[in-house]
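**Q**
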Ligand SMILES: [Zn+2]
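Have a look at this one:
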């Protein structure tokens with residue numbers, strides 16, 4: 040767990056992520072890793088754009104956290120975690136930092152967070168057998184900061200009502216953060232969308248924040264590309 044509050048942590052994440060511009064090289068490197076890991080962990084199933092985006096985001100956030108909070112890599116699964124097996128292994132800057140951790144260690148820590156936080160992590164969904172989960176959980180000293188990631192391709196916009204409905208699931212978290220990836224020359228449209236999501240959630244009394252990053256288009260990893 041972080042020794043800082045959810046409020047502090049949410050501000051910190053905003054400072055690391057807002058206005059981040061992802062490079063073409065980073066996207067290609069992350070996509071290559073996802074391609075290999077989909078074969079290894081996901082039986083060769085396709086890998087979506089959000090998996091690549093999440094991998095890139097985790098690499099950036101993790102490297103910053105290790106530097107800012109002097110966190111040894113063995114502590115990382117207790118600080119931020121999710122059940123996603125592929126994106127947690129993406130690193131596009133191995134020469135500069137090391138956050139490679141075995142899957143088993145991520146899993147043990149995630150199971151512990153479910154034991155501790157229960158329905159805040161495994162969120163019951165009416166009419167569904169499996170619980171809903173945020174894309175990424177950060178464990179602050181006073182509770183959870185959750186991240187929801189959205190890839191918005193060229194010429195597309197965010198579906199605001201759907202995103203609000205999804206983010207409402209995280210209303211019992213201390214803070215919830217939406218991070219949109221604009222695969223477009225301008226971030227203006229998506230910026231407007233996330234402000235709208237933020238405003239609607241705030242009307243419900245939810246402590247929410249919307250951030251926008253920008254980068255090149257990410258091409259989905261197709262099953263046919265994955266050699267098994
Ligand atoms: Zn990295």
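Residue numbers (this note's numbering): 40 to 267. The beta-carbon is built from N, C-alpha and C at its ideal position, and this holds for glycine as well. In this text, all values refer to a predicted model and were calculated from it rather than measured experimentally.
Determine whether the beta carbon atoms of residue 108 and residue 188 lie at a separation below 8 Å.
**A** No, the Cβ-Cβ distance between residue 108 and residue 188 is not below 8 Å.
**Q** Determine the contact status of residue 120 and residue 55, defining contact as a CB-CB distance below 8 Å.
**A** In this structure, residue 55 does not lie closer than 8 Å to residue 120 by Cβ.
**Q** Which residues does DSSP pair with residue 214 in a beta bridge?
**A** For residue 214, which the question treats as bridged, DSSP gives the partners 184.
**Q** So within the segment 196-264, which uninterrupted beta strand (DSSP E) runs reach at least 3 residues, ignoring any that extend past its ends?
**A** Counting whole runs of 3 or more residues, the segment 196-264 contains the beta strand (DSSP E) stretches 214-221, 247-253.
**Q** Going by DSSP in three states, residue 157 sits in which element: helix, strand or coil?
**A** Reduced to three states, the DSSP call for residue 157 is helix.
**Q** In angstroms, rounded to a whole number, what distance separates the CA positions of residue 68 and residue 243?
**A** Distance between the alpha carbons of residue 68 and residue 243 is about 40 Å.
**Q** Where do the N-terminal and C-terminal ends of the beta strand (DSSP E) with residue 179 fall, by residue?
**A** Here the beta strand (DSSP E) through residue 179 covers 175-179.
**Q** Quick one: is the Cβ of residue 130 within less than 7 Å of any heavy atom of ligand 1?
**A** At least one heavy atom of ligand 1 is nearer than 7 Å to the Cβ of residue 130, so yes.
**Q** Flag this pair as touching only if the segment 72-84 and the segment 156-171 have three or more C-beta atom pairs under 8 Å; answer yes or no.
**A** Because the criterion of three Cβ pairs below 8 Å is not met, the segment 72-84 and the segment 156-171 do not touch.
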